[in-house]
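Novice:
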Amino acid sequence: MIVKEYYNFIIVEDVEFIKLVNMLNPGYSLPSRKTLSTSLLPVLYNEIYKKVQSDIEVNAQYVALTTDAWTSLKNESYTAITVHFIDQNCELKSYLLSCAKFPMRHTSENIKDCLQNIVRQWGLQNKIAACTTDNASNITSAICLCQWRHVSCFAHSLNLIVQSSLDQIKETRVKVKSIVEYFKRSTLATEKLNQMQEQLGYSPVHTLIQDVVTRWNSTFHMFQRFFELKTPIFSSLADLNYDVSLTSDDWQIISKSCDILKRFEEITIEMSSEKGVTISKTILFTQALINFCNKLMTQHQTIPCIDSFIHKLTDETNKRFGQLEKDMLLAEATFLDHRLKKYGFKNHTKEKL
Numbered sequence: 001m002i003v004k005e006y007y008n009f010i011i012v013e014d015v016e017f018i019k020l021v022n023m024l025n026p027g028y029s030l031p032s033r034k035t036l037s038t039s040l041l042p043v044l045y046n047e048i049y050k051k052v053q054s055d056i057e058v059n060a061q062y063v064a065l066t067t068d069a070w071t072s073l074k075n076e077s078y079t080a081i082t083v084h085f086i087d088q089n090c091e092l093k094s095y096l097l098s099c100a101k102f103p104m105r106h107t108s109e110n111i112k113d114c115l116q117n118i119v120r121q122w123g124l125q126n127k128i129a130a131c132t133t134d135n136a137s138n139i140t141s142a143i144c145l146c147q148w149r150h151v152s153c154f155a156h157s158l159n160l161i162v163q164s165s166l167d168q169i170k171e172t173r174v175k176v177k178s179i180v181e182y183f184k185r186s187t188l189a190t191e192k193l194n195q196m197q198e199q200l201g202y203s204p205v206h207t208l209i210q211d212v213v214t215r216w217n218s219t220f221h222m223f224q225r226f227f228e229l230k231t232p233i234f235s236s237l238a239d240l241n242y243d244v245s246l247t248s249d250d251w252q253i254i255s256k257s258c259d260i261l262k263r264f265e266e267i268t269i270e271m272s273s274e275k276g277v278t279i280s281k282t283i284l285f286t287q288a289l290i291n292f293c294n295k296l297m298t299q300h301q302t303i304p305c306i307d308s309f310i311h312k313l314t315d316e317t318n319k320r321f322g323q324l325e326k327d328m329l330l331a332e333a334t335f336l337d338h339r340l341k342k343y344g345f346k347n348h349t350k351e352k353l
């Protein structure tokens, strides 16, 4: 439970948990927190470490790495690195090699040293096919210093594309967010919204979703839920004498942006899968997004900011994804995937391959 479900060590001292364990097995005594941290978990860690090390040594001829860095709520920096490979039974394996504090400055040189130390620890120096990271300049430079082939994280690139495009509908986004925040702050408003949903036959009753500035799909989900609950929201706000600033154009913007972003959401979900190889899908999906945006460009839009939104999406998608077909690593992966090789390329690229 502690390892797989991230429960705190203190659970072994929880009165109700102790009662539950005693009911299941009266003869079993839970270990103390100290025993867990100084004895049981280190033993388990060493066992797992040896198993993973053996699996990599025996079955991993070549590997791909993914790495990321983040800052905790305590303002502590962490770096993680994961290895991925296909074993002799054609089974995709992924192992977290390290997740540790990174107390140094996040320079490309320091990141390079950290990554290379972990790679040496696991004996992977001559097995690395590529490393996937976000697009931050320090991490991409670090991968270059390591002399590894770099693959940009598709989801991160997509996030940058949509985030920059959402500025075109910022006014509507701010209005929706302020109403959502009102319901989140007010228990009275939330209760009124729930009652309205029940009266109007909504089942199950839903809560509004607040977007997060760093995740574009949270804005999509906020708009989607807001549009879904349009009638109960309006009725609730009217009863609460809340001045609604949304216009008919705003509602059209919400609806149209949901239709557009749904395609980006579907591809994000598909490319974020942890249970399958995604690199061979990159060119096909980017071409699908480019074609989708180009088709939107041919459609007449009655609201100027939606037109600007579509233009920005199209420009950013072409800028970041337009040349991916020329990336030979992506092209080779796509060509070797029998499901996709007929659909992912223009004719001249097929001939080159």
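Going by the numbering used here, the first residue of the sequence shown is number 1, and it counts up by one from there. The beta carbon of each residue, even a glycine, is placed where N, CA and C say it ideally should be.
1) What is the residue span of the alpha helix (DSSP H) that C258 lies within?
2) Taking Cβ to Cβ, would you say V63 is nearer than 8 angstroms to A129?
3) The ligand NAP heavy atoms versus the CB of K93: any closer than 7 angstroms?
4) Are the CB atoms of N138 and I111 nearer to each other than 8 angstroms?
5) Enumerate, from N- to C-terminal direction, the unbroken beta strand (DSSP E) stretches of 3 or more residues contained entirely within the stretch 107-167.
6) Give the list of continuous alpha helix (DSSP H) stretches no shorter than 4 residues that lie fully inside the stretch 273-319.
7) Can you tell me whether I81 is buried or exposed? The criterion is at least 16 other CB atoms within 10 Å of its CB, across all chains shown.
8) Taking all protein chains shown into account, decide if R105 is buried (16 or more other Cβ within 10 angstroms of its Cβ) or exposed.
9) Classify D239 as helix, strand or coil using the three-state DSSP reduction.
10) Quick check: L329 and I283, are their CB atoms within less than 8 angstroms of each other?
11) What does a CB cutoff of less than 7 angstroms around M271 pick up in its chain, not counting 5 residues either side in sequence?
12) Mapping DSSP to helix, strand and coil, what is K93?
13) For the stretch 188-197 against the stretch 218-237, are there 3 or more C-beta pairs whose distance is under 8 angstroms?
14) In terms of residue numbering, what span does the beta strand (DSSP E) encompassing F17 cover?
15) Residues in its own chain within less than 7 angstroms of L166 by CB, not counting five upstream and five downstream?
16) May I ask you to report which of helix, strand or coil DSSP gives I86?
17) Check whether the stretch 286-298 touches the stretch 313-321, taking contact to mean three or more Cβ pairs, one atom from each stretch, closer than 8 angstroms.
18) Take the Cβ of M1 as the centre, count every other Cβ of all protein chains shown within 10 Å, and call the residue buried at 16 or more, exposed below.
19) Alpha carbon to alpha carbon, what distance is there between H300 and I161?
20) Does C99 pass the burial test, meaning 16 or more other C-beta atoms within 10 Å, or should it be called exposed?
21) What's the C-alpha gap between P31 and T38?
22) Is T79 helix, strand or coil when you go by DSSP?
23) Among P42, C144, L240, S178, which one has its Cα closest to the Cα of L188?
24) Decide if the stretch 57-76 is in contact with the stretch 21-36; the criterion is three or more beta carbon pairs, one per stretch, under 8 angstroms apart.
25) How would you label E325, buried or exposed, when you count the other beta carbons within 10 angstroms and need 16 or more for buried?
26) In whole angstroms, give me the CA-to-CA distance for S77 and H221.
27) Do you know how far the Cα of Q224 is from the Cα of E171?
28) Does the stretch 333-340 come close enough to the stretch 175-186 to have 3 or more Cβ pairs within less than 8 angstroms?
29) Please classify T107 as buried or exposed, where buried requires at least 16 neighbouring CB atoms within 10 angstroms.
30) Would you mind reading off the limits of the beta strand (DSSP E) that contains D55?
31) By DSSP's criteria, T187 is part of a beta bridge. Which residues make up the other side?
32) Label N117 either buried or exposed according to how many other C-beta atoms from any shown protein chain fall within 10 Å of its C-beta, with 16 as the threshold for buried.
33) Keeping to the same chain, check which residues put their C-beta closer than 7 angstroms to that of N25; ignore five residues upstream and five downstream.
34) Suppose contacts are defined by Cβ-Cβ distances below 8 angstroms. Is S157 in contact with N135 by that definition?
35) For C305, which residues of its own chain have a beta-carbon under 6 angstroms away from its beta-carbon, when the five flanking residues on both sides are left out?
36) With a 10 Å radius around its C-beta and 16 neighbouring C-beta atoms as the bar for buried, classify D259 as buried or exposed.
Specialist: In terms of the structure at hand:
1) Looking up residue 258 in the sequence shown gives position 258. Element bounds for C258: 248-271.
2) Your numbering for residue 63 matches position 63 in the sequence shown. Your numbering for residue 129 matches position 129 in the sequence shown. Contact: yes.
3) For the structure depicted, the ligand NAP is absent and the ligand set is empty, with no information on it obtainable.
4) The count along the sequence shown starts at 1 and reaches residue 138 at position 138. The count along the sequence shown starts at 1 and reaches residue 111 at position 111. Taking 8 angstroms as the Cβ cut-off, N138 and I111 qualify as a contacting pair.
5) 128-133, 150-152
6) 282-297
7) The residue you call residue 81 lines up with position 81 of the sequence shown. Answer is buried; the Cβ neighbour count reaches 16.
8) Walking along the sequence shown from the start, residue 105 turns up at place 105. The C-beta of R105 has fewer than 16 other C-beta atoms within 10 Å across all chains shown, which makes the residue exposed.
9) Here residue 239 refers to the residue found at position 239 when the sequence shown is read from its first residue. Here D239 sits in helix by DSSP.
10) Position 329 of the sequence shown, counted from the start, is the residue given in the question as residue 329. Position 283 of the sequence shown, counted from the start, is the residue given in the question as residue 283. Going by C-beta atoms, L329 is not nearer than 8 angstroms to I283.
11) In the sequence shown, residue 271 corresponds to position 271, counting from 1. A distance below 7 angstroms between beta-carbons, with the five flanking residues on each side excluded, links M271 to the following residues of its chain, in chain order: F154, A155, T278, K281, F285.
12) Residue 93 sits at position 93 when you count from the first residue of the sequence shown. Residue state, collapsed to three classes: strand.
13) yes
14) As a working mapping, residue 17 is identified with position 17 in the sequence shown. Counting along the chain, F17 falls outside any beta strand (DSSP E), though it belongs to the alpha helix (DSSP H) covering 15-24.
15) One-based indexing of the sequence shown puts residue 166 at position 166. Closer than 7 angstroms at Cβ, skipping near neighbours: R173, W216, T219.
16) In the sequence shown, counting from the first residue as 1, residue 86 sits at position 86. If DSSP states are grouped into helix, strand and coil, I86 belongs with the strands.
17) Taking 8 angstroms as the limit for Cβ pairs, the verdict is that the stretch 313-321 does touch the stretch 286-298.
18) By one-based count along the sequence shown, residue 1 stands at place 1. So M1 counts as exposed.
19) Along the sequence shown, one-based indexing puts residue 161 at 161. Along the sequence shown, one-based indexing puts residue 300 at 300. Their backbone Cα atoms lie some 22 angstroms apart in a straight line.
20) Along the sequence shown, one-based indexing puts residue 99 at 99. The residue in question, C99, is exposed, as its Cβ has fewer than 16 Cβ neighbours within 10 Å.
21) As a working mapping, residue 31 is identified with position 31 in the sequence shown. As a working mapping, residue 38 is identified with position 38 in the sequence shown. P31 and T38: Cα-Cα distance of roughly 11 angstroms.
22) Reading the sequence shown from its first residue, position 79 is the one you call residue 79. Looking at T79 - three-state DSSP - the assignment turns out to be strand.
23) Against the sequence shown, residue 188 aligns to sequence position 188. The shortest Cα separation from L188 among P42, C144, L240, S178 belongs to L240.
24) Inter-segment contact for the stretch 57-76 and the stretch 21-36 is absent: fewer than three beta-carbon pairs are separated by less than 8 angstroms.
25) Within the sequence shown, the letter at position 325 stands for residue 325. By the Cβ neighbour-count rule, E325 is buried, with 16 or more other Cβ atoms within 10 Å of its own.
26) Position 77 of the sequence shown, counted from the start, is the residue given in the question as residue 77. Position 221 of the sequence shown, counted from the start, is the residue given in the question as residue 221. Near 29 angstroms, if we compare the C-alpha coordinates of H221 and S77.
27) Position 171 of the sequence shown, counting from 1, holds the residue named residue 171. Position 224 of the sequence shown, counting from 1, holds the residue named residue 224. Their backbone Cα atoms lie some 17 angstroms apart in a straight line.
28) no
29) The residue given as residue 107 occupies position 107 in the sequence shown. Result: exposed.
30) Position 55 of the sequence shown, counted from the first residue, corresponds to residue 55. D55 -> not in any beta strand (DSSP E); alpha helix (DSSP H) instead, spanning 41-59.
31) Position 187 of the sequence shown, counting from 1, holds the residue named residue 187. According to DSSP, which records beta bridges pairwise, T187 is partnered with nothing at all.
32) The count along the sequence shown starts at 1 and reaches residue 117 at position 117. A residue is called buried when at least 16 other Cβ atoms come within 10 angstroms of its Cβ; N117 does not meet this threshold and is exposed.
33) Position 25 of the sequence shown, counted from the start, is the residue given in the question as residue 25. Correct list: empty, nothing qualifies.
34) Walking along the sequence shown from the start, residue 157 turns up at place 157. Walking along the sequence shown from the start, residue 135 turns up at place 135. A distance below 8 angstroms separates the beta carbons of S157 and N135.
35) Along the sequence shown, read from residue 1 onward, the residue named residue 305 stands at position 305. Q168, I169, listed in sequence order.
36) In the sequence shown, residue 259 corresponds to position 259, counting from 1. Under this definition D259 is an exposed residue.
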